[in-house]
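Below you'll find the structure, written out as C-alpha cells, and then a few comments.
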Amino acid sequence: MNARHDDFRNPLQRARGLGSGKTGTGHFWWQRVTAIFLVPLVAWLLGLLVSFVGADLATVQVAIARPWNAIALSLFAILLFWHAKLGLQVVIEDYVHARAAEIALQLVVTLACVLGALASLYAIGRIALLA
1 MNARHDDFRN
11 PLQRARGLGS
21 GKTGTGHFWW
31 QRVTAIFLVP
41 LVAWLLGLLV
51 SFVGADLATV
61 QVAIARPWNA
71 IALSLFAILL
81 FWHAKLGLQV
91 VIEDYVHARA
101 AEIALQLVVT
111 LACVLGALAS
121 LYAIGRIALL
131 A
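In terms of UniProt numbering, the sequence shown opens at residue 1 and continues consecutively.
Laid out in C-alpha cells, this is it:
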C-alpha cells in the first residue's frame, strides 16, 4: 500500500486532487460531434466529386456556386479543420513531454488549422460569388 500513514483521506478525495477535471469531457464530445457531422458531409462530397467526372471547369464552378453546395462545402471545411485540430491536440498532449515543444506545436497546429479553414472559406466564397 503506497498511501502515507498520515493521509486520512478516502480514495475519492485523493483522486480529486489528481489532474485536471475541467475540459477533457467537452473536448471529447466536440471531437465526436464533429466526426458525426463529417460522416454525411464526406459522403455528400464524394458524390459531388464523382458527379464532376468528365465535367469542364465552368460546370464545376456553377455546381459549387449553388447555395446549398457552397454552404455544405463551407461547413465541411470548418468541421474538418476543427476536428483535425482537436485530434492533433490530443496527440501532442499525449506524446510530447517537453512543455516548450508542446506549447509550440499546439500553436503551430492551431495556426495551421485556422489558416487552412480561412483559405478554404475564401476559395469557396470566391467561386460561389464570382461564378
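Glycine included, C-beta positions come from ideal geometry on N, C-alpha and C.
Per the Cβ contact rule, the region 118–131 is in contact with the region 65–74 (3 or more Cβ pairs under 8 Å). Two segments are said to touch when three or more pairs of C-beta atoms, one from each, lie closer than 8 Å; by this definition the region 28–39 touches the region 76–83. Nearest Cα to L107 within the set V50, F8, E93: E93.
Here the C-alpha atom of A98 lies approximately 10 Å from the C-alpha atom of A104. If you draw a straight line from the Cα of H27 to the Cα of R66, it comes to about 34 Å.
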